[in-house]
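The structure under discussion appears below in the form of structure tokens.
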Ligand SMILES: Nc1ncnc2c1ncn2[C@@H]1O[C@H](COP(=O)(O)OP(=O)(O)OP(=O)(O)O)[C@@H](O)[C@H]1O
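Numbering (UniProt numbering), first residue to last: 1 to 811.
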């Protein structure tokens with residue numbers, strides 16, 4: 001549009017009018033559809049289908065010419081190709097695609113006049129001659145020129161009328177005289193042309209109507225769009241208003257924010273000043289308080305010093321008084337002690353006499369026992385002889401029976417002889433039965449005598465064992481002597497170096513006496529020989545407890561649990577005895593359990609810790625009637641073969657190893673208790689006995705101050721020391737015959753309650769290291785053992801009793 005306008009102004013001519021080309025009727029619809037697009041686009045572009053009149057440089061515009069009358073046009077020379085004019089005119093439908101609404105309306109309003117102005121027909125039939133048009137656009141209108149037979153370059157100005165034309169073209173008219181003046185022909189031609197033109201005009205009128213309708217539609221559309229535009233403009237204005245409002249609001253908020261920031265800053269400044277004031281005040285206050293405090297402190301110090309001096313003076317006076325009083329008391333005590341010592345010496349002499357008496361009693365009992373044993377052997381011999389006689393008699397009887405059968409005679413002699421034989425046989429059987437009964441009785445008596453003998457030996461016995469040096473690298477050997485070679489009951493230990501008040505260094509020999517002392521060369525077999533009598537007591541229905549006490553590495557585990565230690569040997573002995581006792585009508589059941597006391601807690605050594613149910617804690621239950629102890633939730637194994645004992649020991653050992661850490665062997669830090677329950681029944685005498693054998697491997701007895709333990713290790717050591725001290729207390733209380741024995745003070749003594757009291761036999765092994773480095777611990781252990789050895793525990797009682805009376809019980 002812009003370019004075409006500029007072109008128009010440059011030429012100084014009227015802006016060219018857009019001319020809508022005539023298109024087919026179907027194009028009208030698409031025209032309407034594209035109006036909207038075209039409103040904008042068409043302004044800057046020339047629609048392709050619209051031929052545009054452009055003002056070319058040098059071209060001439062002619063004023064519109066007045067339409068000629070038919071008479072005027074009749075004078076013009078006939079132009080061939082008129083029908084083609086009709087073909088070139090706009091048809092019924094008009095293609096206005098791409099035209100702007102403004103140009104369309106302009107075109108539509110001038111359409112008719114333009115046709116009138118520029119139709120070829122008008123040009124061809126118009127009176128005035130037109131100057132030749134060179135470079136004219138090859139529009140549909142242009143073909144009018146081709147209607148002449150003349151060449152293009154020879155065109156001349158046309159005459160204003162047909163007549164003038166004729167004069168101008170005189171020469172050619174003369175050559176075609178016959179043709180040019182045929183008026184009728186030409187009239188009829190004109191009429192034909194007129195008809196054609198009329199038709200064309202009518203068609204054009206139709207087209208015009210259609211175009212007007214289209215224009216109307218376009219106008220409506222334009223007004224719609226105009227309204228839409230108006231609405232959008234309104235909306236836009238509204239939005240603009242809103243935006244303005246928002247902006248205003250934003251501005252006010254910004255202002256508010258600035259105000260707030262200002263206020264905050266002011267407030268902060270105010271608070272800062274206030275804080276500084278407060279700090280100043282506070283500092284002043286603190287200074288004041290400090291000054292007050294210092295003066296108060298000085299005053300108090302002075303007062304305190306005065307009071308302390310007064311107190312010191314008073315205490316010194318009191319102390320002097322106390323000292324004189326105490327020295328008086330000490331004198332009294334010394335005299336009292338002298339008297340008591342005398343009493344004790346006399347008591348000791350009395351006790352020694354008692355011991356002598358006891359020893360003679362023991363001797364007597366020993367001879368009784370020997371006598372009984374000889375009787376027993378005699379009886380056993382008799383039984384053997386009787387059994388042999390019995391066998392012979394039975395053989396003879398069978399022979400006689402055979403004879404009887406053979407002879408089949410009823411003779412009196414034979415009958416008498418048979419009766420005699422029968423009587424003899426009966427007599428032999430009776431004697432044999434009597435001998436068996438006597439033997440059973442003897443066994444019961446033997447038990448009573450044996451246990452009496454045990455009781456006389458003391459219900460708590462202490463034995464000492466010194467282990468050999470395993471390797472020379474272990475260190476220097478302590479000076480330990482075994483002077484009593486006859487009874488093997490003494491051990492002399494040379495104590496550490498001592499400095500007298502005169503500066504003389506000496507070493508004391510400390511003698512200790514026990515029931516038996518085993519030197520390093522003694523093997524487990526011999527040791528077991530000494531304790532086998534206690535195992536027998538357990539089979540006889542007593543509660544027996546065998547301890548191993550001593551410092552770590554002194555040989556406790558070796559003595560108790562090594563493959564040939566006390567536990568396997570005891571169980572083997574029990575199996576052998578049980579088998580032998582079967583012929584004396586005794587049947588035994590044996591059950592074993594293995595527990596550990598660690599940090600005052602009980603653990604089952606036969607259940608791996610990963611399988612143990614943490615909710616089921618081991619609990620100690622005592623049966624006061626049966627004098628028996630059971631550990632609830634603890635695994636108990638029926639030991640019906642020696643292999644089972646071995647398997648049980650192995651399992652206990654492996655479970656104990658799991659609990660051990662690399663640094664600390666668990667066996668040194670816990671007490672292990674092997675509990676063997678023995679229940680025997682005699683079908684002949686209806687006797688029943690229930691005994692328990694406890695084999696205890698105590699934790700290392702080293703003192704806390706020597707072990708220099710810390711943390712968990714310290715806790716362990718404290719627990720060990722506590723339980724060992726409790727064991728000593730219990731034994732002491734039992735020895736004193738105290739009404740209250742503090743069994744419950746430790747787990748170990750609580751567990752062993754019925755194996756440490758009146759109804760029990762106790763053996764303590766005190767294990768000693770042969771090394772000089774362990775001398776102090778050795779002496780401590782031996783002193784503890786001596787204390788236990790000096791304790792006398794009340795007479796043990798067997799749990800043996802008769803079962804409820806049965807008809808045979810009188811036997
Ligand atoms: N009579 C002995 N004959 C030979 N070797 C022995 C004897 N007594 C102990 N031993 C050995 O001495 C070492 C320490 O013994 P043991 O482990 O029995 O000591 P412990 O007192 O049980 O120590 P812990 O308190 O750590 O369990 C072991 O190697 C053991 O084999």
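Don't be surprised by glycine CBs; every beta carbon is placed ideally from N, CA and C.
Around the beta-carbon of residue 536, 16 or more other beta-carbon atoms lie within 10 Å, marking it buried. Here the distance from the Cβ of residue 556 to the nearest heavy atom of ligand 1 is below 7 Å.
If you check the CB distance, residue 567 and residue 698 do not come in under 8 Å. Distances between the C-beta of residue 587 and the heavy atoms of ligand 1 are all 7 Å or more. Remark: the shortest separation between the CB of residue 470 and any heavy atom of ligand 1 falls under 7 Å. With 16 or more other CB atoms across the displayed protein chains lying within 10 angstroms of its CB, residue 671 is buried. Distance from the C-beta of residue 767 to the nearest heavy atom of ligand 1 is below 7 Å. For residue 695, the secondary structure class from DSSP, reduced to helix, strand or coil, is strand. Between residue 642 and residue 571, the C-beta spacing is below 8 Å.
One Cα belongs to residue 515, the other to residue 592, and the distance between them is close to 29 Å. DSSP, reduced to helix, strand and coil, places residue 771 within a strand of the structure shown.
Short note on residue 516: C-beta not closer than 7 Å to any heavy atom of ligand 1.
For residue 644 and residue 762, the gap between their C-alpha atoms comes out near 26 Å.
Of the heavy atoms belonging to ligand 1, none sits nearer than 7 Å to the Cβ of residue 488. Bounds of the beta strand (DSSP E) holding residue 492 are 490-499.
Inter-segment contact for the stretch 422-439 and the stretch 368-385 is present: three or more beta-carbon pairs are separated by less than 8 Å.
Residue 623 has 628 as its beta-bridge partners, per DSSP. When the beta-carbon positions are compared, residue 772 and residue 475 come within less than 8 Å of each other. In this structure, residue 690 places its C-beta atom within 8 Å of the C-beta atom of residue 628. In terms of side-chain proximity, the C-beta atom of residue 654 is found no nearer than 7 Å to any non-hydrogen atom of ligand 1.
In the displayed model, residue 689 falls within a strand according to three-state DSSP. Taking 4 residues as the shortest admissible run, the stretch 531-592 contains the following complete alpha helix (DSSP H) segments, listed from N- to C-terminal end: 556-561, 566-581. In this structure, the C-beta of residue 668 approaches ligand 1 to less than 7 Å from one of its heavy atoms.
Ranking 424, 616, 373, 375 by CA distance to the CA of residue 396 puts 424 first.
Judged by pairs of C-beta atoms under 8 Å, the stretch 460-467 touches the stretch 548-562, as three or more such pairs exist. In this structure, residue 482 places its C-beta atom within 8 Å of the C-beta atom of residue 488. Beta-bridge partners assigned by DSSP to residue 599: none are found. In terms of Cα proximity to residue 686, the closest of 586, 791, 341, 197 is 586. Collapsing the DSSP output to three states places residue 369 in a helix. In the structure shown, residue 674 falls within a strand segment according to DSSP collapsed to helix, strand and coil. The stretch 501-516 makes no contact with the stretch 727-737; the number of CB pairs closer than 8 Å stays below 3. Taking each of 387, 292, 726, 229 in turn and checking the Cα distance to residue 431, the smallest one comes out for 387. In this structure, ligand 1 has no non-hydrogen atom nearer than 7 Å to the beta-carbon of residue 569. Distance from the C-beta of residue 503 to the nearest heavy atom of ligand 1 is not below 7 Å.
Residue side-chain check: residue 783 keeps its Cβ at 7 Å or more from all non-hydrogen atoms of ligand 1.
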